[in-house]
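Notes follow the structure.
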Amino acid sequence: MRIALPFAGALLAAVSFSAPVGAAAIDCTKAKGAHDTAICADPNLRQLNQDLAAAYDKLASAASAAGQAQVHRDEHDRRAYIEELCQPTDSACLAAAYHQGVSSATKFADQAAGGVLVPVERFRLQSAKDAKTSIVRAFPRLDQPNTPWTDQFEAAARQAAAALLPEDPDTAAIVDYRPTYLASDLAAVAFAVATYPRGAAHGLSQQVSFTYLPTAERGLRPADLFQSGTTWSGFLATRAFETLGNQATSGGWTLSISGPGELETIVADPANWLIHPDGLGLYFAPTSVGPYVAGEHEVLVPWADLKPYLSATPAFKVPGSD
3 MRIALPFAGA LLAAVSFSAP VGAAAIDCTK AKGAHDTAIC ADPNLRQLNQ DLAAAYDKLA
63 SAASAAGQAQ VHRDEHDRRA YIEELCQPTD SACLAAAYHQ GVSSATKFAD QAAGGVLVPV
123 ERFRLQSAKD AKTSIVRAFP RLDQPNTPWT DQFEAAARQA AAALLPEDPD TAAIVDYRPT
183 YLASDLAAVA FAVATYPRGA AHGLSQQVSF TYLPTAERGL RPADLFQSGT TWSGFLATRA
243 FETLGNQATS GGWTLSISGP GELETIVADP ANWLIHPDGL GLYFAPTSVG PYVAGEHEVL
303 VPWADLKPYL SATPAFKVPG SD
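Letter by letter, the sequence shown follows residues 3 to 324 in this note's numbering.
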């Protein structure tokens, strides 16, 4: 059973029903609190503090007034979360928390053409045995354009992000995303999930595709894109095997698979499809095709190469299909 600490609940309740809160980098000429003083005294932390503010500023600059207010709430909540998570004397904890914040905010700001997504970030510290476990979760909100399906998209994204959280209360987790595609008939992001089981030698990470078809009010299915009766999955598997082989050679690691057939289940699963304007990305999680140290992999198949296998009536307008 997860037990949220009082701080997290109070924080979220306060910002969910209050006026927009502005946020900015710590002004070191006016630093008073223990955390602000510690950050300003450390050149590395001071730079990270400025980097975090800059990343959120970039994100806000593309958003509407309502979107900017949400971004400011996110930054305000993140800074409060960092103060609760880390003691002012723990520079390593502060640096890690700031690095993570900069990483997420930078990904959020890398918008896909066609509109603007802003994150809704949630931070929670929960008691787990004799220590605190942190849960950081973000899901996208469609800020621009304003469409009839904006609320449905956000609700579906919120549910998808929540489903990626670990059940184990001793496991810390970070769920964020990066936009990959946004059009009037399809919105897509790649959720990134990082989990940190207590006592493990290292964390675990993977990406999961999230797609939303406004007309159908659901995610993308194989029949929405590919023509049944064609050998589309075999083609994807063969292309992936060839490309991964090249990646392994250039990266100095060895494939753990011996042929395309071992990839067909992976490439046929829409959870591993990263939709891009220039092609279909096939995602492979760490250890799925090679050693852990080789990391994760993506194979991009241009839309033009997929043309013989595409449905005559796809659920969204495939880029370049004119």
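A virtual CB, placed ideally from N, CA and C, is assigned to each residue, including glycine.
| Check | Outcome |
| --- | --- |
| Hey, Glu219 and Ala239: beta-carbon distance below 7 Å or not? | no |
| Pull up the distance between the alpha-carbon of His37 and that of Ala26, whole angstroms please. | 15 Å |
| Nearest by alpha-carbon distance to Ile117: which of Pro90, Ala190, Ala97, Gln89 is it? | Going by the sequence as given, residue 117 is Gly instead of Ile. Of the listed residues, the one whose Cα sits closest to Gly117 is Ala190. |
| Just how far apart, CA to CA, sit Asp172 and Ile28? | 32 Å |
| With distances taken Cα to Cα, identify the nearest neighbour of Ser260 among Pro279, Lys319, Ser290, Ala270. | Ser290 |
| Which complete beta strand (DSSP E) runs does the stretch 163-195 hold, if anything under 3 residues is left out? | 173-185 |
| Could you tell me which uninterrupted alpha helix (DSSP H) segments, each at least 4 residues in length, are contained entirely in the stretch 86-131, listed from first to last along the chain? | 93-111 |
| Name the DSSP bridge partner or partners of Trp2? | Not covered by the structure: residue 2. The range shown for the chain is 3 to 324. |
| Rounded to a whole number of angstroms, what is the C-alpha to C-alpha distance between Gln128 and Ile268? | 34 Å |
| Spatial neighbours of Phe286 within its chain, please: C-beta separation below 6 Å, excluding the five flanking residues on both sides. | His299 |
| Rounded to the nearest angstrom, how far is the Cβ of Ala162 from that of Thr197, given a contact under 8 Å? | The pair is not a contact, with the Cβ atoms about 16 Å apart (cut-off 8 Å). |
| When burial is assigned at 16 or more other CB atoms within 10 Å of the CB, is Ala10 buried or exposed? | In this predicted model, Ala10 has a pLDDT of only 36, less than 50, meaning its place in the structure is not dependable; the value taken from the coordinates is given anyway. With 16 or more Cβ atoms within 10 Å of its Cβ, Ala10 is classed as buried. |
| Taking the beta strand (DSSP E) that Pro304 belongs to, which residues open and close that run? | 299-304 |
| What are the boundary residues of the beta strand (DSSP E) that includes Thr289? | No beta strand (DSSP E) contains Thr289, which DSSP labels as neither H nor E. |
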